[in-house]
Amino acid sequence: MNTDPLDWTELRATWQRMVPDEVRRQEARDLASRVRAADRRWRLSILIEAGLSFGLAIALLVLLLLVQGRAASAPAIALLVVACVAQVGVTYRRLTLWKAQAAAPGSWLVTQLARARLARRIVVGAFGALPLGLLAGLRIGTELFGTAWNAVPEHPALVAAVLGGVLTACLVLAVRLQRLNGEVRRLGEQIAELQT
Amino acid sequence: MSQAVDPFEALLAEHLPRIDRILAGYERDPERRRDLRQDVALAIWRALPGFRGDASLGIFVGRIAQNVAVDHVRKMVRASPAAPIGEAEGLVSDIGQPFEEAASASETAGLQRAVASLPLGQRQAVILHLEDMSHAEIARTLGISEGAVAVRLHRASACLAQRMGHR
């Protein structure tokens with residue numbers, strides 16, 4: 001016995017009348033072109049970010065190979081190893097997010113938020129560890145720089161390329177993080193606006 | 197000379213009304229709905245290469261629109277924790293531009309208000325049912341059993357009947 005109090009066929013007809021089924025070519029054309037542009041921007045930004053991240057990991061690895069076996073102390077080598085692993089981790093995380101984003105329809109904003117959160121964690125983490133890391137960093141940094149400097153006569157081009165690469169990558173990443181920080185702020189403002 | 201129609205454009209042109217109806221079930225603000233529509237289109241664009249053809253394109257599009265809309269509602273509810281997820285009526289109701297003409301029809305507006313007042317789980321099932329999806333298709337879209345779909349629709353039916361003045 002049918003106990004449904006509603007006539008779903010009638011309801012369906014009413015529902016369809018809200019936005020009738022009709023082909024909307026011009027609207028679809030505009031939307032498709034906006035979607036393609038947004039997708040291109042997104043892919044490019046991810047490629048740049050993943051490329052820089054990967055480049056930085058390689059640069060750190062090369063630096064590690066360069067100072068290894070020279071007069072570098074164990075903490076300096078350990079710092080480089082940690083930096084390499086962390087950088088590879090960040091790169092892997094970026095690529096995983098990218099893959100998940102491409103595979104999961106509808107998760108675009110979630111991924112944006114995750115990216116923004118990740119960036120904020122990196123920034124906060126970096127500044128939080130600054131006082132502690134400063135003393136050790138100065139000591140180890142001087143040593144690493146000295147060791148790398150000593151390697152200059154043997155591999156000047158390699159050392160210059162590595163240092164140049166690291167500096168450029170750091171600068172570009174700093175700019176990128178700054179932009180992501182802006183995104184976090186904007187999202188925060190949007191959420192606050194929605195709450196009101 | 198006729199220009200070749202881009203398949204993605206053709207897909208959007210054909211399914212925009214369905215996308216709009218689904219989004220209208222979850223968001224009342226026309227501006228936000230326009231943003232959501234772009235999010236849906238972007239998600240479709242990215243998901244298309246993985247479309248295996250095991251369901252119709254209409255269902256595929258409906259599923260993505262539904263996921264984007266529900267993500268949106270959940271985010272709105274998280275942003276405003278005072279409103280329980282099942283009672284986020286404020287997120288929906290009047291259709292507004294560009295649907296104001298249709299919404300002015302009392303029957304359509306009444307149905308829309310009634311659907312908007314349903315708890316989220318029931319609303320999902322009802323909207324997909326109104327979009328002519330079978331129980332099996334709704335179950336697959338929502339990741340629940342067909343029995344659960346039937347239960348949700350049964351409960352929603354009683355609520356809708358009450359709110360729309362059916363006996």
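Chains A and B, in that order, are what the protein sequence lines are. For the first sequence, the numbering used here begins at 1 and goes up steadily by one. For the second sequence, the numbering used here begins at 197 and goes up steadily by one. Glycine included, C-beta positions come from ideal geometry on N, C-alpha and C.
Item: Using a Cβ-Cβ distance cut-off of 8 Å, determine whether Leu198(A) contacts chain B.; Value: A query on residue 198(A) cannot be resolved here, the shown segment of chain A reaching from 1 to 196 and no further.
Item: Glu212(A) by DSSP, collapsed to three states: which one?; Value: Because chain A in this structure spans residues 1 to 196, residue 212(A) falls outside the shown range and cannot be described.
Item: Among Pro245(B), Glu227(B) and Val201(B), which has the Cα closest to the Cα of Ala28(A)?; Value: Val201(B)
Item: How would you list, in chain order, the residues of chain A whose beta-carbon sits under 9 Å from the beta-carbon of Ala332(B)?; Value: Correct list: empty, because the minimum Cβ distance to chain A is about 16 Å.
Item: If you follow the alpha helix (DSSP H) that Ser341(B) is in, where does it begin and where does it stop?; Value: Here Ser341(B) belongs to no alpha helix (DSSP H), and DSSP marks it neither H nor E.
Item: Three or more beta-carbon pairs under 8 Å between the region 322-329 of chain B and the region 250-267 of chain B, yes or no?; Value: yes
Item: Tell me which residues of the region 19-52 of chain A have at least one Cβ-Cβ distance to chain B shorter than 7 Å, keeping chain order.; Value: Val19, Pro20, Asp21, Glu22, Val23, Arg24, Arg25, Glu27, Ala28, Arg29, Leu31, Ala32, Arg34, Val35, Ala38 and Asp39
Item: Quick one: using the 10 Å Cβ neighbour count with 16 as the cut-off for buried, is Thr9(A) buried or exposed?; Value: exposed
Item: Cβ closer than 7 Å: which chain B residues qualify as neighbours of Thr14(A)?; Value: Glu303, Thr304 and Leu307
Item: Classify Val23(A) as buried or exposed, calling it buried when 16 or more other Cβ atoms lie within 10 Å of its own Cβ.; Value: exposed
Item: Mind checking if Glu342(B) is an interface residue toward chain A, Cβ cutoff 8 Å exclusive?; Value: no
Item: Assign Gln358(B) to buried or exposed, taking buried as 16 or more other Cβ atoms, counted over all protein chains shown, within 10 Å of its Cβ.; Value: exposed
Item: In chain order, what are the residue ranges of uninterrupted alpha helix (DSSP H) at least 4 long that sit wholly in the region 310-336 of chain B?; Value: 316-326
Item: Against chain B, does Gly5(A) count as a neighbour if the rule is that its beta carbon must be under 8 Å from one of theirs?; Value: Rather than Gly, the amino acid found at residue 5(A) in this sequence is Pro. Pro5(A) counts as touching chain B.
Item: How about Leu11(A): is its C-beta nearer than 8 Å to some C-beta of chain B?; Value: yes
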